[in-house]
Amino acid sequence: MATEYEAFVRDRSHVLSGREVVLTLRDLSPGRKKYRGVNVRAIVSRPPRAGEPLLWIRSVVGVKDPDPCSVRIVEELPEAFMAEPYSDFFEAMEKAERR
Amino acid sequence: MTHNDFRSFLSAIEASGDLCTINDEVDWDQELSGIGRLGCERNGPAFLFNNIKDYGSHMRIVANPIATWRRVAVALGQPADTPLRRLYQIYAEREDKLIPPVMVNDAPCKEVIVPGDKVDLFDLPVPMVHEGDGGRYLGTWDLVVSKDAKTDWVNWGTYRFMVHNERLLTGFPRPTSHLGRMLLEGYVPEGRPMPIAIVIGADLPSHIAAAATFRIAGNEADLAGGLGQRPVELIKCETSDLYVPASAEIVIEAEVYPDRIAQEGPYGEYPGYRSGEMGNAICARVTAITHRRDPILTLDTTGFMDSSATTTSISGAIAIKRRLEKHEIPVVDVYVPPEGGVHLTVVSVRRGGAAVAQKIVEVLTARRALMSKIIVVDEDVDVFNMAAVIHAFATKCHPDRGTHVTRYEGRANTLTPAYSAEERIARSGATVAFDSTWPPEWPPENTPVRATLDSMYSPAVQRRVNERWKSLGL
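Just so you know, the sequences run in chain order A and B.
Residue numbers for the first sequence follow the numbering used here, beginning at 23 and rising by one.
Residue numbers for the second sequence follow the numbering used here, beginning at 21 and rising by one.
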């Protein structure tokens, strides 16, 4: 498992709610596979919890939130979400969250 | 004659002094792209990176193949210092003489074949283009082949694609793009995956044709032949019936899912901003990769003054001119200045006025509305001389009567930075024409006279001044 990830979110308060959320994480481990994407069901904590991988949150224009979080991955999800092309990605994640 | 593959083009721009080769190790994670970005911002050379961190020297990257007019000229087989107006003329002439492609059975792009189950996209030195992008972008200066589900129409387009994992790509050909329409109208309703081929490092005329504004149902392979003045050689893909340029450095064969998506973007785009348009894209699974030995990955360090700015400047302007002529606008010249991020067009007309400006803005926003600002000038203004254009705009455009705005829904350019998030989602926007012409109803005796040497002085004085100027060695 990686020790550091980033995620792009539209609604930061939802992700930081302490509930299980669906996210696409980008693995920040150095090397050839840096920025590999993985879809997960996870719980995000701020401030970061000891022993959990660090998570940096970015906005939809890529602006990095300077305060770090941590992430506990509950379940790894399939590599893509079921939705027609050009569907709203964040809505597709929310739909996956409700399942 | 143009160069028949990407490597011979590189030799030509090296000879003209427009290629900088870097043999020291450079990091694919932002550093390499940062060098390319600065090159765009300083009108610098293209860069060939021969030693990439984590990948060594068996895979190389070229950044910004034709981000300057000098390199566009070489790509069209002309001397690097060919004047811009002449480049526009050459393009327009060749666009009128389409040459169909020829099919071949053996090609450099098949030197190495990686079947789908062995594909790992991280084996390619895909750069992280900008800090804060959603991922690593493989398709920045590419040529994406797709085929209409019901007809023989084959589309080539330049569309961005991002690496999600070892075999999955996400991309953002706009839903209003030719590929987007093919997918939504032909494949999604039937639940069929759409085959595509992402071609990297083909001959330059093929890439220019792919990036060009070209008519619906027109085959860009024919246009590439016309621009290159020779037929493009095509070869069949390994896993689909699509055909790709045989000389390509890398071909990524894939299928776009009709029913799945994954994260795509955000990405710092050609208007020069990262606008937050992420979240409505397509998703494709790679079925095979073929490439030349020691392949060269091409990169457009997307943003202000990138390679797409020059190509769209020429092809977009010519397409606009043809469209205006078709609608009987008295157009003389059209220029799309690359500095405008494909959002600004300058149109000169034989006879201007409010009605003409209004008609221009309506014609240019009828289907897709990529341009948000149009400056309409009289024919005595050289559209390629932006100083003259700014002068006309600043002085002749009435701040009230001279602005003609049209609004639209469902066809706006979602990459326009000025639009709000809500406007981008609804694809709603507006385009304004700035009428910088004299009202035709003004009598000539009362129309202001421009205070320039060529307008306000007699021919005899002009001649004496020019002679004096020359004698002074100025």
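Here a beta-carbon is modelled for each residue, glycine too, at the ideal position from N, C-alpha and C.
Predicted model only: the values in this text are computed from it and were never measured.
Name, in chain order, the residues that DSSP records as bridge partners for residue i.
i, result
"B:Ser456", "B:Val397"
"B:His424", "B:Ala453"
"B:Ile236", "B:Ile236 pairs with nothing; no bridge assigned."
"B:Asp49", "B:Met148"
"B:Arg280", "A:Met104"
"A:Lys86", "A:Arg80"
"B:Val122", "B:Glu253"
"B:Asp162", "B:Ile220"
"B:Val132", "B:His311"
"A:Asn61", "A:Thr46"
"B:Gly76", "B:Ile72"
So, with DSSP's three-state summary, where would you put residue i?
i, result
"A:Phe103", "strand"
"B:Ala87", "coil"
"A:Pro52", "coil"
"B:Phe404", "coil"
"B:Met214", "strand"
"B:Asn175", "strand"
"B:Lys117", "coil"
"B:Gly54", "helix"
"B:Ile349", "coil"
"B:Pro325", "Note that residue 325 of chain B is Met in the sequence shown, not Pro. Three-state result, B:Met325: coil."
"A:Arg32", "coil"
"A:Met23", "coil"
"B:Phe67", "strand"
"B:Asp143", "helix"
"B:Ser392", "coil"
"B:Ala304", "strand"
"B:Glu429", "coil"
"B:Ala475", "Note on residue identity: the sequence assigns Ser, not Ala, to residue 475 of chain B. The answer is helix: DSSP assigns B:Ser475 an H, G or I state."
"A:Phe112", "helix"
"B:Pro209", "helix"
"B:Val469", "coil"
Under 7 Å Cβ to Cβ from residue i, same chain only, skipping five residues before and after it: list those, please.
i, result
"A:Ile95", "Val62 and Ala64"
"B:Trp89", "Leu104, Leu107 and Thr330"
"B:Ser166", "Asn175, Leu199, Met202, Met214 and Ile216"
"B:Lys341", "Val351 and Val354"
"B:Arg313", "Glu131 and Val132"
"B:Thr160", "Val149, Arg180, Leu319, Asp320 and Thr322"
"B:Ile110", "Leu96 and Gln98"
"B:Ser327", "Asn84, Pro85, Ile86, Ala87, Trp161 and Asp320"
By alpha-carbon positions, which one of the options ends up nearest to residue i?
i, options, result
"B:Val383", "B:Ile349, B:Arg313 and B:Gly206", "B:Ile349"
"B:Arg114", "B:Arg250, B:Leu344 and B:Thr259", "B:Arg250"
"A:Pro107", "B:Pro357, B:Glu34, B:Val396 and B:Gly206", "B:Gly206"
"B:Cys257", "B:Ser267, B:Ala386 and B:Val271", "B:Val271"
"B:Gln378", "B:His424, B:Ala386, B:Pro213 and B:His184", "B:His424"
"B:Trp462", "B:Gly56, B:Cys40, B:Ala453 and B:Gly372", "B:Gly372"
"A:Glu113", "B:Arg312, B:Arg280 and B:Arg180", "B:Arg280"
"B:Cys40", "B:Gln50, B:Glu61, B:Asn70 and B:Met21", "B:Asn70"
"B:Leu390", "B:Asp353, B:Arg431, B:Glu34 and B:His418", "B:Arg431"
"B:Glu284", "A:Leu99, A:Val66, A:Lys86 and A:Phe30", "A:Phe30"
"A:Val82", "A:Glu97, A:Phe111 and A:Pro100", "A:Phe111"
"B:Thr451", "B:Gln482, B:Arg488, B:Ala386 and B:Asp400", "B:Ala386"
"A:Asp89", "A:Leu76, A:Glu101 and A:Glu98", "A:Leu76"
"B:Met21", "B:Tyr439, B:Gly245 and B:Asn486", "B:Gly245"
"B:Thr415", "B:Trp458, B:Val252 and B:Ile445", "B:Trp458"
Ordered along the chain, which non-local residues of its own chain (more than five positions away) have a Cβ less than 6 Å from that of residue i?
i, result
"B:Phe29", "His23 and Leu224"
"B:Gln50", "Met148 and Glu151"
"B:Thr233", "Ser335, Gly336 and Ala339"
Near residue i, what residues of its chain come up, given a Cβ to Cβ distance below 8 Å and the 5 sequence neighbours on each side ignored?
i, result
"B:Asp74", "Trp48 and Pro145"
"B:Gly292", "Gly323, Phe324, Gly361 and Pro437"
"A:Tyr57", "Arg48, Asp49 and Leu50"
"B:Ser2", "Because chain B is modelled from 21 through 494, residue 2 of chain B falls outside the range shown and cannot be assessed."
"B:His347", "Lys379 and Val383"
"B:Val46", "Leu52, Ile55, Phe69, Asn71, Ile72 and Lys73"
Nearest chain E C-beta to residue i closer than 8 Å, yes or no?
i, result
"A:Met104", "Any reference to chain E falls outside this structure, whose protein chains are A and B."
Under 8 Å between the Cβ atoms of residue i and residue j?
i, j, result
"B:Cys129", "B:Ile42", "no"
"B:His363", "B:Ser333", "no"
"B:Val396", "B:Ser456", "yes"
"B:Asn239", "B:Met202", "no"
"B:Arg294", "A:Gly84", "yes"
"B:Val354", "B:Val403", "yes"
"B:Thr307", "B:Glu275", "yes"
"B:Leu188", "A:Ala102", "yes"
"B:Arg156", "B:Val183", "yes"
"A:Trp78", "A:Glu28", "yes"
"B:Glu399", "B:Ser368", "yes"
"B:Ala91", "B:Ala66", "Strictly speaking, residue 91 of chain B in this sequence is Arg, with Ala absent from that position. Yes, they are a contact pair."
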